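**Q** In UniProt numbering, the protein residues as written are 1 to 184. The following block contains the structure, expressed as structure tokens.
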């Protein structure tokens, strides 16, 4: 999985360096702090109707007794469908891949307080639909929504695998966001 992700990131970097269009955007997802996550994106236009985006996030999220801390990397290709506007603005569809790596702890109170520990890594992807607006050729608003699927594996350091709830990060889910950014 790491080799596939490295290949995708390298392909994105090469395509970005050879692109004719010179439009770059740096964005921050303003919804992600609600779930104790920081999420940023870099998007580069590669043609009149296409762009590549690389997103990264860091989280310190909890589900019941399971605490996650870790990061994710999300390469994404965007195809803008508007005939009246050029990338990076307008309605788009965007297939994406995602790699996630988390340290997990599950704490229990009761007869003997103890903490179980594990690492959880996932690889997956999905499809977004979204719309992006550019104001005054500088300020960017990006909204997106779509399904995703992540398959992962847990490596338990202490405790049992059943002690960890990976529901929000494994299997089917929804990826959504509202991002504000700067075009340069």
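Quick reminder that beta carbons are idealized off the backbone N, C-alpha and C, glycines included. Bear in mind the structure is a predicted one, so any value in this text is a computation, not a measurement.
(1) Which residue or residues does DSSP assign as beta-bridge partners of residue 220?
(2) Go ahead and label residue 66 buried or exposed: buried means 16 or more other beta carbons lie within 10 angstroms of its beta carbon, across all protein chains shown.
(3) In its own chain, which residues sit with a C-beta less than 6 Å from the C-beta of residue 181, not counting the 5 before and 5 after it?
(4) What's the call for residue 20, buried or exposed, on a 16-neighbour Cβ count within 10 Å?
(5) Please state whether DSSP places residue 32 in a helix, a strand or coil.
(6) Taking the C-alpha atoms as reference points, what is the distance between residue 40 and residue 57?
(7) Spatial neighbours of residue 111 within its chain, please: C-beta separation below 8 Å, excluding the five flanking residues on both sides.
(8) If you measure between the beta carbons of residue 88 and residue 43, is that distance less than 8 Å?
(9) Kindly indicate which three-state DSSP category residue 142 falls into: helix, strand or coil?
**A** Well, looking at it:
(1) Nothing about residue 220 can be read from this structure; the chain reaches only from 1 to 184.
(2) As a first step, residue 66 is located in the chain shown; it is residue number 66 there, counting from the start. Label assigned to residue 66: buried.
(3) In the chain shown, counting from the first residue as 1, residue 181 sits at position 181. Closer than 6 Å at the Cβ level, and outside the excluded window around residue 181, lie 25, 26, 27, 140.
(4) Walking along the chain shown from the start, residue 20 turns up at place 20. For residue 20, the predicted model reports a pLDDT of 48, less than 50, meaning its position is unreliable; a value from the coordinates is still stated below. It is exposed - the Cβ of residue 20 has fewer than 16 other Cβ atoms within 10 Å.
(5) Against the chain shown, residue 32 aligns to sequence position 32. Note: residue 32 maps to helix in three-state DSSP.
(6) Your numbering for residue 40 matches position 40 in the chain shown. Your numbering for residue 57 matches position 57 in the chain shown. Those two C-alpha atoms are separated by around 6 Å.
(7) Taking the first residue of the chain shown as position 1, residue 111 is located at position 111. Per-residue confidence for residue 111 stands at a pLDDT of 49, beneath the threshold of 50, marking its modelled position as unreliable; the derived number appears in the next sentence. Nothing meets the Cβ criterion.
(8) Locating residue 88 in the chain shown gives position 88, counting from the first residue. Locating residue 43 in the chain shown gives position 43, counting from the first residue. Against a cut-off of 8 Å, the Cβ pair of residue 43 and residue 88 comes out as a contact.
(9) Position 142 of the chain shown, counting from 1, holds the residue named residue 142. DSSP places residue 142 in strand when its eight states are reduced to three.
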